[in-house]
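K.L.:
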DNA sequence: TCTTTCTGTGAAATTTTCTTCACAAGGAAT
DNA sequence: ATTCCTTGTGAAGAAAATTTCACAGAAAGA
């Protein structure tokens, strides 16, 4: 049973949505203001928050920021009567999962909700293990350099990498390549050249995210 | 001197933009198709790519994905004649820096470009050092747990943390707290309670990003 | 063929990280 | 005052990560 918080100042719309979603097997709660939404979300776990952008006092955008801060795992779907590209852009940048505009077909909303839940299902479960592998690979700067190198030039040979890194002892590089291979970040083909696996590319993305994020 | 790649199938628009931007002190290049854009971007570093969404053959959205993959640092501004919220949402989700719609005022574009450059200036320079600290802090799972704990409950005392983590030797926790303190992720107030610094909150965000990212 | 380069292994040495333990000052509670 | 809990410090040891070195087979070039 998934918990959905409906945030809108229009009581009728809340009631409608609530009824429909309850009928579809979701558990719903309502909040009529941004402040109330934040309080409820802080007190209780929601899987999804349906958030109206236009509300008196605390704007939906502020609520979005606040919710993201206190509950980063909760998926937020922005809803608005006056959809503008700018608002949509801002909302997604701030971490909303999706953005739909009134009037919406109920099917459209249901699909959007399912999609968001799918996302969180993934994020939730499966692999907390990967985390350890990935982070311990990333914790070494030589390995980070190797990943970057391979992202720029797929299929490098050992000595190419060694020279590029300007490390004199090639076995040192072999050591790190082995670790990267064991964590599934890189692979080798028959010609012995190294390249990033799918996992490796994800890892690279992570690195980039981290870098850009840390310097903001 | 900043390099801008203008990607649009409309030659006249390209020429116009190019002239204006050159006049403003940017160096520009043009590409008339998605394919050409990707090739050029692969061959040369651009700071900004102005990318038309609607193009024959390879759609702007595909080009966006491709560019993000090969040049994650390049900022991409999507431009489109038929702005829709959906497109904007998709573009930003896929990593575009911004999204503007034709017809746009040239000032608007210039501001958008400056904003994007500002972003990359930040991401570029400043701190590659933080990276090492942060990643080595994150590489240990006890420390990750501490960060998560503190994110849920600011201002915990030593023994609170110790009990929450179910670790019997408190000095072990002290050890990790010290490391976190030294890397500037946490601090203590006069009452000895620990809390996340601003840096620490960023680090937490990183962790969340990584987690959600790794399980996709 | 002979030499050189590339790709690696395995063991030992070193460094770094983490854990454990002995101890102690300060405050609160009895 | 005595006892208990909290918050540490510092040294020592254990474990893990990294580096260095000696060596070797396979492939490539001369």
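Protein chains in written order, with the numbering used here: chain G, -8 to 207; chain L, -8 to 207.
The beta-carbon is built from N, C-alpha and C at its ideal position, and this holds for glycine as well.
On a predicted model such as this, the values are computed, not experimentally measured, just so you know.
1. Beta carbons nearer than 7 Å to chain G: which residues of the stretch 121 to 142 of chain L have them?
2. Rounded to whole angstroms, what's the CA-CA distance from residue 1 of chain G to residue 92 of chain G? Just pull it up for me.
3. Between residue 80 of chain G and chain L, is any beta-carbon pair separated by less than 8 Å?
4. Quick one: is residue 114 of chain L near chain G, going by C-beta distance under 8 Å?
5. Assign residue 162 of chain L to buried or exposed, taking buried as 16 or more other Cβ atoms, counted over all protein chains shown, within 10 Å of its Cβ.
6. Nearest chain G C-beta to residue 34 of chain L closer than 8 Å, yes or no?
7. Helix, strand or coil for residue 71 of chain L? Go by DSSP, reduced to three states.
8. Within the same chain, show all residues whose beta-carbon is closer than 6 Å to that of residue 125 of chain L, passing over the 5 residues directly before and after it, in chain order.
9. Which residues in the same chain have their Cβ closer than 6 Å to the Cβ of residue 18 of chain G, if we skip the five residues on either side of it in sequence?
10. Opposite residue 92 of chain G in the DSSP bridges: which residues?
11. Identify every run of the alpha helix (DSSP H) within the stretch 139 to 196 of chain G, keeping only runs that are complete inside it and at least 4 residues long; order them along the chain.
12. Just to confirm the assignment, what range does the beta strand (DSSP E) spanning residue 55 of chain L have?
13. Does DSSP put residue 118 of chain G in a helix, in a strand, or in coil?
14. Helix, strand or coil, according to DSSP, for residue 66 of chain L in the structure here?
15. Give me the Cα-Cα distance between residue 167 of chain L and residue 58 of chain G, rounded to the nearest whole angstrom.
16. For residue 188 of chain G, which residues in the same chain have their Cβ closer than 8 Å to its Cβ, ignoring the five residues on either side in sequence?
17. Would you say residue 211 of chain L faces chain G, with C-beta separation under 8 Å as the test?
18. Could you check whether the Cβ of residue 92 of chain G sits closer than 8 Å to any Cβ belonging to chain L?
19. Does residue 1 of chain L come out as helix, strand or coil in the three-state DSSP assignment?
20. So, is residue 7 of chain L buried or exposed, given that buried needs 16 or more other C-beta atoms within 10 angstroms?
21. Going straight from the alpha carbon of residue 159 of chain L to that of residue 186 of chain L, what length do you get?
22. Going straight from the alpha carbon of residue 182 of chain G to that of residue 146 of chain G, what length do you get?
23. Among residues of its own chain, excluding the 5 on either side of residue 31 of chain L, which ones have a beta-carbon nearer than 7 Å to its beta-carbon?
24. Starting from the beta carbon of residue 74 of chain L, find every residue of chain G whose beta carbon is closer than 8 Å, and list them in chain order.
25. With 16 other CB atoms within 10 Å as the buried threshold, where does residue 66 of chain G fall?
26. Going by CA-CA distance only, name the one from G/148, G/151, G/139, G/173 that's closest to residue 225 of chain L.
27. Enumerate in chain order the residues of its own chain whose CB-to-CB distance from residue 148 of chain L is below 7 Å, with the five nearest sequence positions on each side excluded.
28. Counting only Cβ pairs nearer than 9 Å, list the residues of chain G close to residue 7 of chain L.
29. So, does the CB of residue 158 of chain L fall closer than 8 Å to a CB anywhere in chain G?
30. Pairs of beta-carbons, one from the stretch 37 to 56 of chain G and one from the stretch 35 to 51 of chain L, closer than 8 Å: are there three or more?
31. In three-state terms, what does DSSP make of residue 131 of chain G?
32. To the nearest angstrom, report how far apart residue 43 of chain L and residue 35 of chain L are at their CA atoms.
P.N.:
Reading it off the structure:
1. 121, 122, 123, 125, 126, 127, 129, 130, 132
2. What you label residue 1 of chain G is simply residue 10 of the first chain in a count that begins at 1. What you label residue 92 of chain G is simply residue 101 of the first chain in a count that begins at 1. About 15 Å.
3. By 1-based counting over the first chain, the position of residue 80 of chain G is 89. Yes, residue 80 of chain G counts as interfacial toward chain L.
4. In the second chain, counting from the first residue as 1, residue 114 of chain L sits at position 123. Note that residue 114 of chain L scores a pLDDT of 48, beneath 50, so its modelled location is shaky; the value from the coordinates is reported in the next line. It does; some Cβ of chain G falls within 8 Å.
5. If you number the second chain from 1, residue 162 of chain L lands on position 171. Classification of residue 162 of chain L: exposed, given that the 10 Å Cβ count is below 16.
6. In the second chain, residue 34 of chain L corresponds to position 43, counting from 1. No, its Cβ sits nowhere closer than 8 Å to a Cβ of chain G.
7. Taking the second chain and counting its residues from 1, one reaches residue 71 of chain L at position 80. If DSSP states are grouped into helix, strand and coil, residue 71 of chain L belongs with the strands.
8. Here residue 125 of chain L refers to the residue found at position 134 when the second chain is read from its first residue. Taken in chain order, the residues that qualify are 194.
9. Counting from 1 along the first chain, the entry for residue 18 of chain G is found at position 27. For residue 18 of chain G, where only same-chain residues beyond five positions count, the Cβ hits under 6 Å are -8, -6.
10. By one-based count along the first chain, residue 92 of chain G stands at place 101. G/71.
11. 149 to 156, 161 to 173
12. Along the second chain, one-based indexing puts residue 55 of chain L at 64. Not the beta strand (DSSP E): residue 55 of chain L falls in the alpha helix (DSSP H), residues 51 to 61.
13. On the first chain, position 127 is the one that residue 118 of chain G refers to. For residue 118 of chain G, the pLDDT reaches just 42, beneath the cut-off of 50, and the residue's location in the model is therefore unreliable, although a value from the coordinates is still provided. Three-state result, residue 118 of chain G: coil.
14. Reading the second chain from its first residue, position 75 is the one you call residue 66 of chain L. The answer is strand: DSSP assigns residue 66 of chain L an E or B state.
15. Within the second chain, residue 167 of chain L is the residue found at index 176, counting from 1. Within the first chain, residue 58 of chain G is the residue found at index 67, counting from 1. Looking at the two C-alpha atoms, the distance is approximately 29 Å.
16. Locating residue 188 of chain G in the first chain gives position 197, where the first residue counts as 1. For residue 188 of chain G, where only same-chain residues beyond five positions count, the Cβ hits under 8 Å are 175, 176, 177, 178.
17. As displayed, chain L neither begins before -8 nor continues past 207, which places residue 211 of chain L out of reach and without an answer.
18. As a first step, residue 92 of chain G is located in the first chain; it is residue number 101 there, counting from the start. Interface residue, yes.
19. Numbered from its first residue, the second chain carries residue 1 of chain L at position 10. The answer is coil: DSSP assigns residue 1 of chain L none of H, G, I, E or B.
20. To locate residue 7 of chain L, count along the second chain from 1; it is residue 16. With fewer than 16 other Cβ atoms within 10 Å, it is exposed.
21. As a position in the second chain, residue 159 of chain L is number 168, starting the count at 1. As a position in the second chain, residue 186 of chain L is number 195, starting the count at 1. The straight-line gap from Cα to Cα measures roughly 22 Å.
22. Within the first chain, the letter at position 191 stands for residue 182 of chain G. Within the first chain, the letter at position 155 stands for residue 146 of chain G. Their backbone Cα atoms lie some 9 Å apart in a straight line.
23. For the purposes of this step, residue 31 of chain L is taken as the residue at position 40 of the second chain. Contacts found: -4, 20, 22.
24. If you number the second chain from 1, residue 74 of chain L lands on position 83. In chain order: 76.
25. Position 75 of the first chain holds residue 66 of chain G. Under this definition residue 66 of chain G is a buried residue.
26. This structure cannot settle anything about residue 225 of chain L, because the visible part of chain L is limited to -8 through 207.
27. The residue you call residue 148 of chain L lines up with position 157 of the second chain. These residues qualify, in order along the chain: 183, 184.
28. Taking the second chain and counting its residues from 1, the one referred to as residue 7 of chain L is at position 16. Neighbours of residue 7 of chain L on chain G: none; closest Cβ ~22 Å, over 9 Å.
29. As a working note, residue 158 of chain L is residue 167 in the second chain. It does not: the Cβ of residue 158 of chain L has no partner Cβ on chain G nearer than 8 Å.
30. no
31. Counted from its first residue, the first chain places residue 131 of chain G at position 140. DSSP places residue 131 of chain G in coil when its eight states are reduced to three.
32. One-based indexing of the second chain puts residue 43 of chain L at position 52. One-based indexing of the second chain puts residue 35 of chain L at position 44. For residue 43 of chain L and residue 35 of chain L, the distance between alpha carbons rounds to 19 Å.
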